[in-house]
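Structure record follows, encoded as structure tokens.
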Amino acid sequence: MSVAAALDVDSGVAEAGVTAKAPFAPISLGRLVRVSATPQLLAISDLHVGHAENRPIVEGLHPEHPGDWLIVAGDVAETTADVKWALSLLKSRFGTVIWVPGNHELWTTTKDPVQLRGVRRYKHLVEMCRQLGVLTPEDEFPVWTGDGGPVRIAPLFVLYDYTFRPEGATTKEESLAIAHEAGIVCTDEYFLKPDPYPSIDAWCHARVAETERKLAACDPDVPLVLVNHWPLVRQPTRVLRYPEFAQWCGTELSADWHTRFNTAAVVYGHLHIPRHTEYDGVPFKEVSLGYPREWKPRGLPEKLLRPVLPVRVAP
Numbered sequence: 091m092s093v094a095a096a097l098d099v100d101s102g103v104a105e106a107g108v109t110a111k112a113p114f115a116p117i118s119l120g121r122l123v124r125v126s127a128t129p130q131l132l133a134i135s136d137l138h139v140g141h142a143e144n145r146p147i148v149e150g151l152h153p154e155h156p157g158d159w160l161i162v163a164g165d166v167a168e169t170t171a172d173v174k175w176a177l178s179l180l181k182s183r184f185g186t187v188i189w190v191p192g193n194h195e196l197w198t199t200t201k202d203p204v205q206l207r208g209v210r211r212y213k214h215l216v217e218m219c220r221q222l223g224v225l226t227p228e229d230e231f232p233v234w235t236g237d238g239g240p241v242r243i244a245p246l247f248v249l250y251d252y253t254f255r256p257e258g259a260t261t262k263e264e265s266l267a268i269a270h271e272a273g274i275v276c277t278d279e280y281f282l283k284p285d286p287y288p289s290i291d292a293w294c295h296a297r298v299a300e301t302e303r304k305l306a307a308c309d310p311d312v313p314l315v316l317v318n319h320w321p322l323v324r325q326p327t328r329v330l331r332y333p334e335f336a337q338w339c340g341t342e343l344s345a346d347w348h349t350r351f352n353t354a355a356v357v358y359g360h361l362h363i364p365r366h367t368e369y370d371g372v373p374f375k376e377v378s379l380g381y382p383r384e385w386k387p388r389g390l391p392e393k394l395l396r397p398v399l400p401v402r403v404a405p
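Quick note on numbering: the sequence shown equals residues 91 to 405 in this note's numbering.
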């Protein structure tokens, strides 16, 4: 089962105490180009350009100001050629593009001539991004000094470890058994290889340890924008139609990062439920485009590239 098949993408209902905004309004592709008076830090995720109907949408993405930065929070495509096409196009338009991997970029499928697995595949994508001039989690965190700044943009690659478990499960094995029984099994189980790690959760734990060291080394006086494909806290998964799917959506090990570190905002994707929520006073922004079967019935959002930070308004 694909990610979207396991998600309630039409749900705008958030749990109690969480602020959610419904951002959708039908628009035409001809309205995608806008003009802004000041540079903005913008974000989008889950472009899924392997779907033919998503490609013209990506082709229609432009900066609103020459100084705009763009965050691409994972799931660009499944093949390296498609990932390169999309990131090359966006880098030709935006001076700074920041990418983090999603699960789809990490898949090893027969459709991709590049048959690298696990860490080697990730490193190949990082090297490709460096050749394009696109920043990744392996680069020094850049500092945005425009509206809402200064903030340090922290692109992360954390994965998941099956700890967002369904009710009744106390172990990974029990959690997976419940998912298989319900027929809700993420495609990652077949295509996302952890090599050389023995499991995805082992790879996740290594990434968590490395990421925590990097975040702890940042100047605490400069707020962070944490960017990860998977949500850093579990709360956003509470609105999933199939709760069994949450185990492929993050790790409890990152649950306090937005409070432990000086965080201005968190950007994520993966769920295909674009919305703005707040946890502990920190804004969390799910910025996905998603699959055509999801966005076509509800229309495209009025603003495909979501501003991450408040825009300064002149008095």
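Every residue gets a Cβ at the ideal spot worked out from N, C-alpha and C, and that includes glycine.
C-alpha gap between residue i and residue j, whole angstroms
i: LEU246; j: ILE134; result: 15 Å
i: HIS155; j: ASN318; result: 25 Å
i: ARG388; j: ALA307; result: 43 Å
i: GLY258; j: SER265; result: 8 Å
i: ASN144; j: LEU177; result: 14 Å
i: VAL125; j: THR200; result: 42 Å
i: GLU228; j: TYR369; result: 27 Å
i: PHE114; j: GLU392; result: Confidence at PHE114 is low in this model, with a pLDDT of 38, below 50, so its placement is unreliable and the value that follows should be read with caution. Answer to the nearest angstrom: the Cα atoms are 6 Å apart.
i: LEU394; j: ARG365; result: 12 Å
i: HIS214; j: THR301; result: 19 Å
i: TRP320; j: GLY164; result: 9 Å
i: VAL298; j: PRO310; result: 19 Å
i: LEU361; j: THR128; result: 30 Å
Buried versus exposed, by CB contacts within 10 Å (16 or more), residue i
i: LYS283; result: buried
i: GLN337; result: buried
i: THR367; result: buried
i: ARG242; result: buried
i: GLY371; result: exposed
i: TYR280; result: exposed
i: GLN130; result: buried
i: HIS348; result: buried
i: GLY185; result: exposed
i: VAL224; result: buried
i: LYS386; result: exposed
i: VAL233; result: exposed
Residue i in three-state terms, based on DSSP
i: ASP98; result: Its pLDDT being 33, under 50, ASP98 is placed unreliably in this model, and the coordinates cannot settle the point.
i: LEU394; result: coil
i: ARG183; result: coil
i: TYR381; result: coil
i: TRP234; result: strand
i: HIS360; result: coil
Rounded distance between the beta-carbons of residue j and residue i, thought under 8 Å
i: VAL166; j: VAL139; result: 6 Å
i: PRO397; j: LEU132; result: 6 Å
i: PRO288; j: GLY208; result: PRO288 to GLY208, Cβ: 11 Å. No contact.
heavy atom of the ligand FMN below 6 Å from residue i C-beta
i: ALA336; result: Ligands displayed in this structure: none; no statement on the ligand FMN is therefore possible.
* State whether the stretch 253-273 contacts the stretch 182-193, with contact taken as three or more CB pairs (one from each stretch) at a distance under 8 Å. => no
* contact_flag[the stretch 320-335, the stretch 372-380] where n(CB pairs < 8 Å) is 3 or more -> yes
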